[in-house]
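Number of protein chains: 2
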Amino acid sequence: MSVRIFTTAQDAGNAFYEALERNDLDLMMAVWAEDEEIVCVHPAGARVAGQEQVRESWRRIFASGQRLRVKIAQQVTLSGMMVEVHSVHEVISVIGEEAARPPMVATNVYLRTAAGWRMVVHHASPAPGTAAEEVPADLPKLLH
Amino acid sequence: MSVRIFTTAQDAGNAFYEALERNDLDLMMAVWAEDEEIVCVHPAGARVAGQEQVRESWRRIFASGQRLRVKIAQQVTLSGMMVEVHSVHEVISVIGEEAARPPMVATNVYLRTAAGWRMVVHHASPAPGTAAEEVPADLPKLLH
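Chains A and B are the protein sequences, given in the same order.
Oh and the first sequence: position 73 is 73 in this note's numbering, straight run, nothing missing.
Each position in the second sequence, counted from 1, maps to that position plus 144 in this note's numbering.
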């Protein structure tokens with residue numbers, strides 16, 4: 001197991017996306033808090049909660065063997081005492097695929113723990129567009 | 145404007161869903177933090193950030209006139225210093241519609257501010273199922 005200590009939430013966030021690009025399960029789980037409830041929502045996936053389910057979900061994703069490149073854009077950072085929330089757009093491409101993937105919007109929550117900054121929540125879902133004018137006109141009907 | 149003070153994150157969360165059911169824009173915005181960056185991701189909608197965009201997004205949703213009933217299920221609560229994150233399933237029905245809506249999974253982040261507990265992030269997206277066995281077998285391909 002990795003014993004990396006992340007001294008900032010941004011360091012933990014960088015390691016999260018590094019793990020995603022490298023299919024590195026040990027690094028991925030070193031980013032997540034060990035002693036807290038943790039929650040992960042993959043795009044189009046059911047919510048998973050707790051160490052065991054979160055690890056298993058990443059193990060399955062990494063086992064697919066696809067290699068991703070992730071660019072993070074338009075980060076909005078919210079800071080509180082011992083907590084940071086990063087709202088980001090993930091621009092993901094799959095090595096070997098020509099078609100671009102739709103961008104994802106992700107909410108990443110980090111807590112400052114005794115073992116440094118750790119992720120406690122990752123919630124990602126497809127973003128229809130990154131500009132306000134691309135919001136579909138029928139948004140209200142899509143609710144909520 | 146409302147001057148309601150929410151003494152717990154749960155109170156703020158209850159008021160959030162009350163505002164959603166009542167199409168009450170004043171109550172909705174009383175739930176959100178005033179002096180922080182705030183972020184809202186509606187299902188299938190673009191991310192909106194800041195007071196002005198968040199208020200406008202709710203104004204448009206409430207202007208549709210549809211009346212919702214929201215049941216909250218399977219809440220997972222993460223607590224830090226001055227912060228709480230609630231991961232919930234939203235079971236939403238529209239009054240007058242027979243077809244059930246697919247459940248949503250939402251990440252709601254609350255901070256304890258000088259004006260009581262306030263929401264700073266709401267991220268909602270469709271949940272394919274609420275049980276682990278309903279995770280689609282091709283989840284890895286859907287990434288990330």
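Cβ atoms here follow ideal geometry from the backbone N, Cα and C, with glycine treated the same way.
Spatial neighbours of residue i within its chain, please: CB distance less than 7 Å, with the 5 preceding and 5 following residues excluded, ordered by chain position.
i, result
"B/F206", "N167, L169"
"A/G116", "I5, F6, T7"
"A/P126", "P43, P102, M104"
"B/Q197", "none"
"B/Q154", "none"
"B/E162", "L171"
"B/W202", "L169, M172"
"B/Q210", "V238"
"A/R60", "none"
Quick one: using the 10 Å Cβ neighbour count with 16 as the cut-off for buried, is residue i buried or exposed?
i, result
"B/V264", "buried"
"A/P102", "exposed"
"A/E97", "exposed"
"A/T8", "exposed"
"A/E90", "buried"
"A/A100", "exposed"
"B/A217", "exposed"
"B/V147", "exposed"
"B/G189", "buried"
"A/G13", "buried"
"B/A276", "A caution first: B/A276 carries a pLDDT of 40, below 50, which makes its placement in the model unreliable, though a value can still be read off. Exposed is the call here."
By Cβ distance below 8 Å, which residues in the same chain neighbour residue i in space, the five residues on each side in sequence not counted?
i, result
"A/E56", "V48"
"A/F16", "M28, V31, N108, M119, H122"
"A/L68", "L20, E21, I92, S93, V94, I95"
"A/S146", "Residue 146 of chain A lies beyond the residue range present for chain A, which begins at 1 and ends at 144; the question has no answer from this structure."
Cutting at 6 Å between CB atoms, please list the residues of its own chain near residue i, excluding the five before and the five after it.
i, result
"A/V39", "A49, V121"
"A/K156", "The structure shown does not extend to residue 156 of chain A, since chain A is modelled only from 1 through 144, so no value can be given for it."
"B/S231", "V220, T251"
"B/A268", "P187, M248, A250"
"B/V185", "R191, H267"
"A/P128", "none"
"B/Q195", "none"
From the DSSP output, read off the bridge partner residues of residue i.
i, result
"B/I216", "B/E234"
"B/T221", "B/H230"
"B/P268", "It is Ala, not Pro, that sits at residue 268 of chain B in the sequence shown. B/A268 pairs with B/A250."
"B/T257", "B/G260"
"B/W202", "In the DSSP output, where bridge partners are listed per residue, B/W202 has none listed."
"B/V150", "Here residue 150 of chain B is Phe; the residue named in the question, Val, does not match the sequence. B/F150 pairs with B/G260."
"A/V39", "A/A49, A/V121"
### Query
Hey, is the region 77-89 of chain A in contact with the region 34-44 of chain A, meaning 3+ C-beta pairs nearer than 8 Å?
no
message: Taking beta-carbon pairs under 9 Å, can you tell me which members of the region 215-228 of chain B lie near chain A?
response: Residues Q218, V220, T221, L222, S223, G224, M225, M226, V227.
With a cut-off of 8 Å, do at least 3 Cβ pairs link the region 225-233 of chain B to the region 242-260 of chain B? yes
Return the residues of the region 164-188 of chain B that lie within a Cβ-Cβ distance of less than 8 Å from chain A, sorted by chain order. The residues in question are L164, E180, E181, I182, V183, V185, H186, P187, A188.
Practice task
Note down, in chain order, all residues in the region 98-121 of chain A with a beta-carbon under 7 Å from any beta-carbon belonging to chain B.
Solution key: V105, T107, V109, L111, V120, V121
| field | Residues of the region 6-17 of chain A with Cβ closer than 7 Å to any Cβ of chain B, in chain order | value | none
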